[in-house]
Every structure is written in C-alpha cells, then in structure tokens.
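Student: In this note's numbering, the protein residues as written are 3 to 149.
Ideal placement from N, C-alpha and C gives every residue a C-beta, glycine not left out.
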Amino acid sequence: MLYPLFLTFHLFAALIFIGTVFFEVLFLESIRKQLPAKVMLLVEEGIGRRARTLMPWVLLVLFGAGLGMVWLRYLPVLATPLTSSFSTLLLLKIMVAVSVLLHFLAAMFLFKSGRMNARYLHFIHGSVFCHMVLIVLLAKGMFYLTW
C-alpha cells in the first residue's frame, strides 16, 4: 500500500522540479532578450525567491519518496546492480539524481554566501537541465531497455 503512495509523491515532485528547470532554461533564457534588463531582473528575483522557498520541500518529497520506493521494492535489485539492465539503469538514475542534489546544495550555498553570479547560475541551470533529461530517459529505459 505504501509503494503506490511513494510513487505518486515521487512523480508529482519530479513534475514540479523538472517543470521548473525546463521553464527556467527553455523559457526564461529566450524571454531575457525580449524584456528590459530591469524588468528581467525583477522577474528573476521573484522566481528565484519562490524557487528557493519551494524547492527544498519538493526535493525532500522527491528524494524521500524515492528512498521509500527503493526500500520497499528495489533494495534487492540494487544489491547486485550490474546483473540486469533494470538494476544498472536504476543505479545510474540514482547516481545522476544525487548529482542533481549536489548541484542544488551548491547553488543554495552560493546564494546564502552571496557568491552566486550569472555565470554560476547559467552553468548550474544548464547542467541540471541535462541531468533531468538523462534521468527521464533512464527512468523510461529501466522498463523498456534490456540487454
């Protein structure tokens, strides 16, 4: 009974996180060229404030539910991660997800310490975007790719 609940929370949190990253990378970057710098600065500050408030909770649900799913169903599979395509892809997905978490923690540290700048922000957004695409492909591949 718990697994479907964890899965639902995990999927909704992933939708929020991935949707936010995609919006920032695919939409905000192109809007930047169309708006005056002062307006864009206000937009980015507002979105950034909201993201820094909401995203820690989203990531807590995302990783908490993911750990719950692993605990309930996938721990035996991960005990021998290279014995099947499913377990190998799951392990890779978890490793990429941990990298996303480290990116997020680094970004929060840079914001809190006042050292975040446009170059760091652009790099982190681009990197997390690529990580998100890879995670989605791995998540689907776990169930459809075999070797």
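Quick check on T10: does DSSP put it in helix, strand or coil?
Tutor: Three-state DSSP puts T10 in a helix.
Student: Over what stretch of residues does the alpha helix (DSSP H) that includes Y122 continue unbroken?
Tutor: Looking at the DSSP string, the run of the alpha helix (DSSP H) that includes Y122 is A120 to Y146.
Student: Measuring alpha carbon to alpha carbon, tell me which of L103, C132, L64 and L94 ends up nearest T10.
Tutor: Checked all of L103, C132, L64 and L94; the closest Cα to T10 is L64.
Student: Just to confirm before moving on: does the CB-CB distance between S87 and T148 stay below 8 angstroms?
Tutor: Taking 8 angstroms as the Cβ cut-off, S87 and T148 qualify as a contacting pair.
Student: Is R117 helix, strand or coil when you go by DSSP?
Tutor: Coil, per DSSP.
Student: Along the alpha helix (DSSP H) that carries K40, what are the first and last residues, could you check?
Tutor: Element bounds for K40: A39 to M71.
Student: DSSP three-state label for P83, please.
Tutor: P83 falls in the coil class under three-state DSSP.
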